[in-house]
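All remarks here apply to the structure that follows.
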Amino acid sequence: MMKEKLQDIKNKLSYYLLRGAIEFFSILPFCVLYFISDMLYYLIRYVVRYRRKVVEENLANSFPEKSVDERKTIEKQFYHHFCDMLVEWVKTYRMSYDDILSHVEFENRDMMANLIKEGRNMMFASSHKGNWEWMPALYWQLGCPNLVGVEVNRPAKNPYINAFFKGMRNRLGMELVDKNDIIRPLLKYRKGDKTFGLGLLADQTPSVKNIDYWTEFLHQDTPFLSGPERMARMFKSAYVYADVIRISRGYYKYRLKLISVNVAEEEEYAATEKYARLLEESIQEYPSDWLWTHRRWKHKRENKA
C-alpha cells in the first residue's frame, strides 16, 4: 500500500511539473519558442547527444550514396527540426483552430471531399515526418458533420499525464481509441451512419511476433506494419498516404495521395508496399524531416524465422 501511495505521489508530481511547464511555455510567441529551440539544439545534440549514434547509423545505412559531409548536414538539419517539433507541440496546447489553420495547407483536399460524398471510410497512413500533430486540421477544413476523426491512443504509464495528453488531442476534435481496442469503436461509427477517418503513424516498427511483411526500404530489409492495411480491408476503406512537408519554420503542407479507393479489392500487402514506396520517395526528397532517432531497423529478418 505504501509503495502504491509513493508511486501515486511521484506520478502526480511528474504531471504537475509537466503541465506547469507546458502552461508557461505555451504562452510564449513562436519567435521566443524558436529561440529556445535553437538553444535546445545545442543541448540535445552536443551535450546530451540524444541518440546520436542511432541517427548516424540510420543515415549511413539509408544514404550510402551520400558523402559523410552530406549526411552530417542532414543530421544537423534533423536535430534543428526535432527541437522545433518539441516547441510546436508545446505551443499547440494554446493554439485555436484558426491559429493552426494559418500554419497548414492541404493538397488534394477535393479528393477527400469526393470520398466522403461516396460514403467511404478512410485510413490515413502518415509517418513520423514533419509535424503530424496538426493533421486534425484536415477534418475541420472538410467541414463534414458525419465525418469522425479518429486517432489511436498509446497510453502513457503515468495515468495523470495520459489523461492530460488525451485532453490535448480531444480539444482538437479527435476521437481517441485504445491501441488494443480499435475495431469496436470503428464498428460503432459505421453502424451509426458515420464516416470515419482513422489517422495512423504507419511507419512504426512492428513487434517481432507481428511481423508478416518485409520490403526493401532505404536500402535495407525492413518490416512494415500490416495492421493498417488489414483494418482498411475489413472496412473496405479508402487508403490514403498523408505526407507532411515542411514549407518553412512552423509551416507545413499535408500532401494527400490516394493509394487505393477500396483496399479490399487490392492484392494482399499491395497497399502496404505502395505506402512504403511513397514514404521512401518523400524521405529521399526531404531527408531531414523524418524521425531518425527512431530505431527503425532493430529487427532482422532471421529473427522472425
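Heads up: the sequence shown runs through residues 93 to 397, numbered per the working numbering.
For glycine and all other residues, C-beta sits at the position ideal for the given N, C-alpha and C.
message: On the DSSP bridge list, what partners appear for glycine 211?
response: Within the sequence shown, numbered from 1, the residue matching residue 211 stands at position 119. Note: glycine 211 sits in no beta bridge, so no partner.
task: With a 10 Å radius around its C-beta and 16 neighbouring C-beta atoms as the bar for buried, classify cysteine 175 as buried or exposed.
output: Position 83 of the sequence shown, counted from the start, is the residue given in the question as residue 175. Cysteine 175 should be labelled buried.
- prompt: For threonine 184, which three-state DSSP category applies?
  reply: Here residue 184 is taken as the residue at index 92 of the sequence shown, counted from 1. Threonine 184 falls in the helix class under three-state DSSP.
- prompt: What residues in its chain sit with their C-beta under 8 Å from that of leucine 239, if we drop five residues either side in the sequence?
  reply: Taking the first residue of the sequence shown as position 1, residue 239 is located at position 147. So the qualifying residues of the chain are Ile208, Tyr231, Lys286, Thr287, Phe288, Gly289.
query: Which whole-angstrom value describes the C-beta separation of serine 329 and asparagine 250, a residue pair presumed to lie in contact below a C-beta threshold of 8 Å?
result: Within the sequence shown, the letter at position 237 stands for residue 329. Within the sequence shown, the letter at position 158 stands for residue 250. That pair is no contact at about 34 Å.
message: What would DSSP say about leucine 135, mapped onto helix, strand or coil?
response: Indexing the sequence shown from 1 puts residue 135 at position 43. It is helical.
- request: Starting from the C-beta of alanine 356, find all residues in its chain whose C-beta is less than 6 Å away, skip the five residues before and the five after it, and write them out in chain order.
  value: On the sequence shown, residue 356 is found 264 positions in, with the first residue counted as 1. Counting only Cβ-Cβ distances below 6 Å, and skipping sequence neighbours, we find Arg325, Lys328.
- prompt: How many angstroms separate the CA atom of valine 269 from the CA atom of asparagine 206?
  reply: What you label residue 269 is simply residue 177 of the sequence shown in a count that begins at 1. What you label residue 206 is simply residue 114 of the sequence shown in a count that begins at 1. Straight-line Cα distance between these residues: approximately 26 Å.
query: What number of angstroms, rounded off, separates the C-alpha of leucine 371 from the C-alpha of arginine 338?
result: As a position in the sequence shown, residue 371 is number 279, starting the count at 1. As a position in the sequence shown, residue 338 is number 246, starting the count at 1. Going by the C-alpha atoms only, they are around 15 Å apart.
message: Buried or exposed, going by whether 16 or more other CB atoms sit within 10 Å of the CB of lysine 183?
response: Position 91 of the sequence shown, counted from the start, is the residue given in the question as residue 183. Classified as buried, lysine 183 has 16 or more neighbouring CB atoms from the shown chains inside 10 Å of its CB.
field: Reduced DSSP secondary structure (H/G/I, E/B, other) of leucine 193
entry: In the sequence shown, counting from the first residue as 1, residue 193 sits at position 101. DSSP places leucine 193 in helix when its eight states are reduced to three.
message: Check this for me: beta carbons of arginine 388 and asparagine 223, under 8 Å apart or not?
response: Start at 1 with the first residue of the sequence shown, and residue 388 comes out as number 296. Start at 1 with the first residue of the sequence shown, and residue 223 comes out as number 131. No, Cβ-Cβ distance for arginine 388 and asparagine 223 is not below 8 Å.
task: Provide the residue(s) that pair with tryptophan 306 in DSSP beta bridges, ordered along the chain.
output: Numbered from 1 along the sequence shown, position 214 holds the residue referred to as residue 306. DSSP output for tryptophan 306 lists Pro315 as bridge partner(s).
For glutamate 199, the three-state DSSP class (helix, strand or coil): One-based indexing of the sequence shown puts residue 199 at position 107. The three-state secondary structure of glutamate 199, taken from DSSP, is strand.
Those runs of the beta strand (DSSP E) which lie wholly inside the region 237-273 and span at least 3 residues: The region 237-273 contains these whole beta strand (DSSP E) runs: 239-245, 267-270.
task: Look at the alpha carbon of serine 380 and the alpha carbon of tyrosine 346, and state the distance between them as a whole number of angstroms.
output: Against the sequence shown, residue 380 aligns to sequence position 288. Against the sequence shown, residue 346 aligns to sequence position 254. One C-alpha to the other measures close to 17 Å.
- prompt: Looking at arginine 369 and aspartate 313, is the spacing between their C-beta atoms short of 8 Å?
  reply: Within the sequence shown, the letter at position 221 stands for residue 313. Within the sequence shown, the letter at position 277 stands for residue 369. Going by C-beta atoms, aspartate 313 is not nearer than 8 Å to arginine 369.
query: Opposite tyrosine 346 in the DSSP bridges: which residues?
result: For the purposes of this step, residue 346 is identified with residue 254 of the sequence shown, where counting begins at 1. Partner(s): Phe198, Val336.
task: Taking the CB atoms as reference points, tell me whether asparagine 153 and histidine 311 lie closer together than 8 Å.
output: Residue numbering aside, residue 153 sits at position 61 when the sequence shown is read from its first letter. Residue numbering aside, residue 311 sits at position 219 when the sequence shown is read from its first letter. It is a contact, given that the beta carbons lie within the stated cut-off.
- request: Decide yes or no for the touch test of the region 179-199 against the region 108-119: beta carbon pairs closer than 8 Å, at least 3 of them.
  value: yes
Threonine 385 in three-state terms, based on DSSP: Here residue 385 is taken as the residue at index 293 of the sequence shown, counted from 1. DSSP places threonine 385 in coil when its eight states are reduced to three.
task: Decide if the region 246-261 is in contact with the region 273-280; the criterion is three or more beta carbon pairs, one per stretch, under 8 Å apart.
output: No: the two stretches stay apart, fewer than three of their Cβ pairs being nearer than 8 Å.
task: Give me the Cα-Cα distance between valine 147 and tryptophan 384, rounded to the nearest whole angstrom.
output: Here residue 147 refers to the residue found at position 55 of the sequence shown. Here residue 384 refers to the residue found at position 292 of the sequence shown. Each residue's alpha carbon lies about 5 Å from the other.
query: Going along the chain, which residues of its own chain have a beta-carbon closer than 6 Å to the beta-carbon of serine 352, five neighbours each way excluded?
result: On the sequence shown, position 260 is the one that residue 352 refers to. So the qualifying residues of the chain are Tyr331, Glu358, Ala363.
field: Where leucine 125 sits in the DSSP three-state scheme
entry: Here residue 125 is taken as the residue at index 33 of the sequence shown, counted from 1. Helix, per DSSP.
task: Label proline 228 either buried or exposed according to how many other C-beta atoms from any shown protein chain fall within 10 Å of its C-beta, with 16 as the threshold for buried.
output: If you number the sequence shown from 1, residue 228 lands on position 136. Looking at its Cβ environment, which holds 16 or more other Cβ atoms inside 10 Å, proline 228 is buried.
query: Taking C-beta to C-beta, are phenylalanine 256 and tyrosine 107 nearer than 8 Å?
result: The count along the sequence shown starts at 1 and reaches residue 256 at position 164. The count along the sequence shown starts at 1 and reaches residue 107 at position 15. It is a contact, given that the beta carbons lie within the stated cut-off.
- request: Pull up the distance between the alpha-carbon of serine 218 and that of histidine 391, whole angstroms please.
  value: Translated into the one-based positions of the sequence shown, residue 218 becomes position 126. Translated into the one-based positions of the sequence shown, residue 391 becomes position 299. Roughly 21 Å between the two C-alpha positions.
query: From which residue to which residue does the alpha helix (DSSP H) around phenylalanine 288 run?
result: Stepping through the sequence shown from its first residue, residue 288 is reached at position 196. No alpha helix (DSSP H) contains phenylalanine 288, which is instead part of the beta strand (DSSP E) from 287-293.
task: Please look up how many angstroms separate the CB atoms of arginine 137 and tyrosine 171, rounded, as I've assumed it's under 8 Å.
output: For this step, residue 137 is matched to residue 45 along the sequence shown. For this step, residue 171 is matched to residue 79 along the sequence shown. Contact holds; Cβ gap of about 4 Å.
- request: Taking only the alpha-carbon atoms, compute the straight-line gap between tyrosine 134 and serine 188 and give it to the nearest angstrom.
  value: Taking the sequence shown and counting its residues from 1, one reaches residue 134 at position 42. Taking the sequence shown and counting its residues from 1, one reaches residue 188 at position 96. Going by the C-alpha atoms only, they are around 31 Å apart.
field: Boundaries (first-last residue) of the alpha helix (DSSP H) holding alanine 113
entry: Translated into positions along the sequence shown, residue 113 becomes position 21. Where alanine 113 is concerned, the enclosing alpha helix (DSSP H) stretches over 94-117.
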